[in-house]
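*Asks:* In UniProt numbering, the protein residues as written are 1 to 285.
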Amino acid sequence: MSTGSALYAARVGLRRGGLEVRHTFTNSQDLWNYIFPSLIFLVVMFFMRGAAVPGTDFSLGSRTLPSVLGMSVAFGGLVTLMMSLALEREDGTLLRAKAIPNGMLGYLVGKLVLVAGMTVASMLIVLVPSLFMLDGIALTSVTAWLTLAWVLVLGLVATLPLGAIFGSLFTNPRNAGVIMMPVMGLVAISGVFYPIQSFPEWLQGVAQVFPIYWLALGMRSALLPDELAAVEIGESWRHLETVGVLSAWAVAGLVLAPWVLRRMARRESGSSVAERRERAMRRVA
């Protein structure tokens, strides 16, 4: 693959991804997928705002907001991309991309742009109303916005390759749902809805191995007052550790994802797609 052809494929993927992001805002099903989960989170945080973070008088609902945003980034990178790849592998979209020179590169770039755009849109749907509904959100300085930006970008780079890897492992998108159980388990122990210090130390250690905890912590460091760091592990926002863990996951994903995707693409054929379609039709029937 020449550098020029790879760059052209990447540009095509960027344009395709941008078009698909715009298309999602004109599709009623996609709009529902944006709005419904966001409404659930907003309702949960509204009813949590009367409770206080243990040891403080700060609203638990306000503390939950940035954690939910971090969770949304993780879900976008891990689950949304995984399901999209699994579905389009079954319907033959990946096989068509494989048949075009550098088509897999353009397809993957477009899909990354689409999922990143959807993730940012979902975050804004939750964040903007919350700024008016919840008290104590400290997104009022350049530093806070910069922190929000680097946590978002690094979080996407850490999770999108993992989503691509998981999506490549399943030929049946219905089987991809098995990933949801461990992901939800990680959300439960990562301090998204309640401070992680309430869990046993060994469980805290498990949560800190994975990106969800660090994404939630990074978002809290951007949106919450500095004094709230006192209720975190080590009484600090731990920015260096956040960068380190998310970067480690990003490097691992970026190294493994191309290899896994190439192996998956080599196995794609017209007969395998036809077989999966036949199985899907039998399930519908």
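Think of the CB as a built atom: it goes at the ideal place given N, C-alpha and C, for glycine as much as any other residue.
1) On the three-state DSSP scale, how would you describe residue 52?
2) Can you tell me whether DSSP reads residue 286 as helix, strand or coil?
3) Compare the Cα-Cα distances from residue 212 to each of 235, 55, 182, 53 and report the closest residue.
4) Expressed to the nearest angstrom, what Euclidean distance is found between the alpha-carbon atoms of residue 128 and residue 66?
5) Can you give me the Cβ contacts of residue 88 inside the same chain, cut-off strictly under 6 angstroms, excluding the 5 residues immediately before and after it?
6) Is DSSP giving residue 237 helix, strand or coil here?
7) Please classify residue 223 as buried or exposed, where buried requires at least 16 other C-beta atoms within 10 Å of its C-beta.
8) On the CB-based measure, 16 or more other CB atoms within 10 Å of its CB, does residue 99 come out buried or exposed?
9) Check each candidate in 109, 255, 159, 151 and name the one with the smallest Cα separation from residue 6.
10) Let me know the secondary structure DSSP gives residue 149 once reduced to three states.
11) Between which two residues does the alpha helix (DSSP H) carrying residue 126 extend?
12) Going by the beta-carbon positions, is the gap between residue 154 and residue 250 smaller than 8 angstroms?
13) Contact check, residue 126 vs residue 42 under 8 angstroms by CB: the rounded distance?
14) Residue 232 and residue 256 - do their beta-carbons sit closer together than 8 angstroms?
*Replies:* Reading from the atomic positions:
1) By 1-based counting over the sequence shown, the position of residue 52 is 52. Reduced to three states, the DSSP call for residue 52 is strand.
2) What the structure shows of the chain is the stretch from 1 to 285, and residue 286 is not part of that stretch, so it cannot be assessed.
3) Mapped onto the sequence shown, residue 212 falls at position 212. Cα-wise, what sits closest to residue 212 is 182.
4) Within the sequence shown, numbered from 1, the residue matching residue 128 stands at position 128. Within the sequence shown, numbered from 1, the residue matching residue 66 stands at position 66. For residue 128 and residue 66, the distance between alpha carbons rounds to 12 angstroms.
5) Residue mapping note: residue 88 aligns to position 88 of the sequence shown, counting from 1. Contacts found: 94.
6) The residue you call residue 237 lines up with position 237 of the sequence shown. Three-state result, residue 237: coil.
7) One-based indexing of the sequence shown puts residue 223 at position 223. It is buried - the Cβ of residue 223 has at least 16 other Cβ atoms within 10 Å.
8) Counted from its first residue, the sequence shown places residue 99 at position 99. Exposed, by the Cβ-count rule.
9) The residue given as residue 6 occupies position 6 in the sequence shown. Ranking the options by Cα distance to residue 6, first place goes to 109.
10) On the sequence shown, position 149 is the one that residue 149 refers to. Residue 149: helix per DSSP, three-state reduction.
11) As a working note, residue 126 is residue 126 in the sequence shown. Counting along the chain, the alpha helix (DSSP H) containing residue 126 begins and ends at 103-133.
12) Position 154 of the sequence shown, counting from 1, holds the residue named residue 154. Position 250 of the sequence shown, counting from 1, holds the residue named residue 250. Their beta carbons are under 8 angstroms apart, which means residue 154 touches residue 250 by this criterion.
13) Stepping through the sequence shown from its first residue, residue 126 is reached at position 126. Stepping through the sequence shown from its first residue, residue 42 is reached at position 42. The Cβ separation is near 7 angstroms, so the contact holds.
14) Within the sequence shown, residue 256 is the residue found at index 256, counting from 1. Within the sequence shown, residue 232 is the residue found at index 232, counting from 1. Contact: no.
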